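Numbering-wise, the numbering used here comes out as the position in the sequence shown, counting from 1, plus 17. All C-beta atoms in this analysis are idealised placements derived from N, C-alpha and C, irrespective of residue type, glycine included. Because the structure is a prediction, the values reported are computed rather than measured.
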Amino acid sequence: MMRKYIAVLPILGMLMLGGCSDGQIHGTDGLTGFGREALDMELAGTASGSSYTTAWYASADGGTVQAAVLAIKGRDTWEKQSVDASPSKICSGVYYIVVDHGYSFYADNTDCTRIKIVGSNGSDQIDVTEQPFVTYWKNTFEPAVTGRVDDEVTVGSVGMTFYALDRDGNVINS
18 MMRKYIAVLP ILGMLMLGGC SDGQIHGTDG LTGFGREALD MELAGTASGS SYTTAWYASA
78 DGGTVQAAVL AIKGRDTWEK QSVDASPSKI CSGVYYIVVD HGYSFYADNT DCTRIKIVGS
138 NGSDQIDVTE QPFVTYWKNT FEPAVTGRVD DEVTVGSVGM TFYALDRDGN VINS
């Protein structure tokens, strides 16, 4: 009988680590714990749209990046919707995913000082102010293409192009 309790204790401990014992993730400690326990990665930063937060995680060597899409449930409370283990790459160290009627960007490339967004109805630029850098940009340029992920509607765009720019405005291709 004692062995059954000992086998259950580590599982309960893992559930409580990361602040998600009730199925939700609570606070920065919860986001950090989720990354360490579930992904074996460190939290690089978060960016929020109106309904979702993207938590970006990076491996210790920076060679692997993943994005967790979290539904906002309250102040500093989220519920995991999905994990994108292969976010779209703009160049080395600069990635994006489609989320919450826009895009979430991650940059950890010291040459990148701006991200340029070009659509058929306009363009915009985001200043990269730190490394790693995480932000959300709401798409207001193009007609939306709707798809379903985990029974939630997601919106992306046709014809969007992203560029990582250096301090002189040159496109980073690596």
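- Between the alpha carbons of residue 76 and residue 143 lies a distance of about 25 Å.
- Apart from sequence neighbours up to five positions away, the residues of its chain that approach residue 49 with a beta-carbon distance below 7 Å are 60, ordered along the chain.
- In the structure shown, the three-state DSSP call for residue 96 is strand.
- When DSSP states are grouped into helix, strand and coil, residue 88 belongs to the strand group.
- DSSP lists 94 as the beta-bridge partner residues of residue 43.
- Nearest to residue 66 by C-alpha distance, out of 89, 126, 134, is 89.
- Scanning its chain for C-beta atoms nearer than 8 Å, with the 5 sequence neighbours on each side dropped, one finds around residue 183 the residues 128, 129, 130, 189, in chain order.
- Cβ-Cβ separation between residue 120 and residue 156: approximately 7 Å, consistent with a contact (criterion under 8 Å).
- Taking 8 Å as the cut-off, the Cβ atoms of residue 136 and residue 177 count as close.
- The Cβ neighbour count for residue 148, taken over all protein chains shown within 10 Å, is under 16; the residue is labelled exposed.
- Annotation: the stretch 100-146 contains the following complete segments of the beta strand (DSSP E) (minimum length 3 residues), in chain order: 105-108, 111-116, 119-124, 131-136, 139-144.
- Burial check for residue 84: the Cβ neighbour count within 10 Å reaches 16 or more, so the residue is buried.
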